[in-house]
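Take a look at the structure below.
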Amino acid sequence: MKIKTKLNAGVGLLFLMIIILSVLGGWFIYQLKKDTQNILVANYNTLQYSRNMLLSLEEIDKQPFAAKEFQKNLNLQSQNITESGEKEATRNIVSHFSDLNKNRTDQNLRSVIRKDIAELMQLNMNAIQIKSGIANTTAENAIAVISVAGTLCFLIAFILMVNLPSNIANPIRELTFSIHQIAKQNYRERVRFEGNSEFGELAKSFNTMAEKLQEYSESRLDKILKGKKRIETLIDNMHDAVIGIDEDRKVLFVNDEALKITGLKKDQFVGKLIQDVAVGNDLVRDLIREIIDPQIEKKAESELLKIFVEGKENYFEKEILD
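In structure tokens form, the structure reads like this:
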């Protein structure tokens, strides 16, 4: 899978989870709002009308506007019938209040009206209790569903957080390591990425480059080794003593003639620092004085060195080539 496809899939999935959680949350909030609105709009209003009618009924003999206030709330209640049995209870109040208007002194009718209003209030209180239970059930369902959905979204997001960055970072890390190996001239290093992602194509190109570098390096190294072998052969066959050191004063090569006059073996020379060799050999120390301490005045090039070799006195001319 392509990296772009992986990123689009991961980000798209996270976006989809956010939408799902938002839709679920919004839907349950709407349901709770609808349940509570049913209680507030229908049942609460009926209870308010019933309370006002009871108060007006108590003042009907004392206040001239009490009967009108009672009739006003009764008319409002007649337009707010929402529960089963509420219509019959309201009709009873209308009938009994009509009889009371004909005989305001009838206390029995007032008691009957109070009972009718109490029955109406009880119907709505029972409805409030039922609707409160429905609202609680809706809230519990909302908590359960959103919790499950949130847990699933968390697990999916966690899996994406763990796997998606590693799917991108690990190949980059491996490729970086391989590039460092190539920089160290380890041209045998190869990158192996599975799949058909951009990293797979990059790995093919990298491996092709590494193969070409390896072929070139091996062919060049072979030429260098052959050239080195020829030079070593020439130096070994020279009748003059030759000692070669690099810029770090490490002995690169020494021919047989130099070994003969110094009395040392090849493994005591090659790979060693020339000053370390000079510590145990007076002749070598005398030869490298100008190299170790540039302040020392160089001897004239015509001045010969007298060295005893195999019991015979020999004269050599020292020459330092930079």
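Numbering (this note's numbering), first residue to last: 829 to 1150. All C-beta atoms, glycine included, are put in the ideal place defined by N, C-alpha and C.
The Cβ atoms of L885 and I974 do not sit closer than 8 Å to each other. The closest CA to that of I1007, considering only M1037, D1064 and E1029, is found on M1037. Counted as a single uninterrupted DSSP element, the beta strand (DSSP E) harbouring F1081 occupies residues V1079 to V1082. Note that the segment 978-993 does not touch the segment 1010-1021; fewer than 3 beta-carbon pairs, one per stretch, sit closer than 8 Å. Shown here, G1028 sits in a helix according to DSSP, grouped into three states.
Under the three-state reduction of DSSP output, L902 falls in the helix class.
Apart from the 5 residues on each side of it in sequence, Y1015 sits with its Cβ closer than 7 Å to the Cβ of A1038, L1041, Q1042 and S1045 in its chain, given in chain order. Residue pairing for G1072: DSSP places it in a beta bridge opposite F1081. L1101 carries a strand assignment under DSSP once its states are collapsed to helix, strand and coil. Under the three-pair Cβ rule at 8 Å, the segment 971-990 does not count as touching the segment 870-883. I921 is a Cβ neighbour of D944, given a cutoff of 8 Å.
Three or more beta-carbon pairs separated by less than 8 Å link the segment 1091-1102 to the segment 1070-1082, which places the two stretches in contact. By the neighbour-count criterion, in which 16 or more other beta carbons inside 10 Å mark a residue as buried, G838 falls on the buried side.
For A1069, the closest C-alpha among the options L948, T1090, E1118 and T1004 is that of T1090. Residue state for V1019 is assigned as coil, using DSSP reduced to three classes. Taking A955 as reference, the option from L1003, F986 and V869 with the minimal CA-CA separation is V869. Boundaries cannot be given for A870, as no alpha helix (DSSP H) includes it and DSSP labels it neither H nor E. Here K1057 is exposed: its Cβ has fewer than 16 other Cβ atoms, across all protein chains shown, within 10 Å. Distance from E914 to L951 at the Cβ level is roughly 5 Å; contact confirmed, criterion being Cβ atoms closer than 8 Å. DSSP places D1110 within a helical segment (H, G or I) once states are collapsed to three.
Close CB contacts of A917 within its chain, under the 8 Å cut and outside five residues either way in sequence, are with D944, E947, L948 and L951 (chain order).
Scanning G1072, S1047, K1054 and P999 for the CA closest to the CA of I831 turns up P999. Only residues of its own chain outside the window of five on either side were considered, and among them I1102 and A1106 have a CB closer than 6 Å to the CB of I1116, listed in chain order. Contact between L849 and A977 is confirmed by a C-beta separation of about 6 Å, below the 8 Å threshold. In this structure, the beta-carbon distance from L1087 to N1109 does not fall below 8 Å. Beyond the five residues adjoining it in sequence on each side, M881 comes within less than 7 Å, by CB distance, of F898, N901, L902 and I945 in the same chain, given in chain order.
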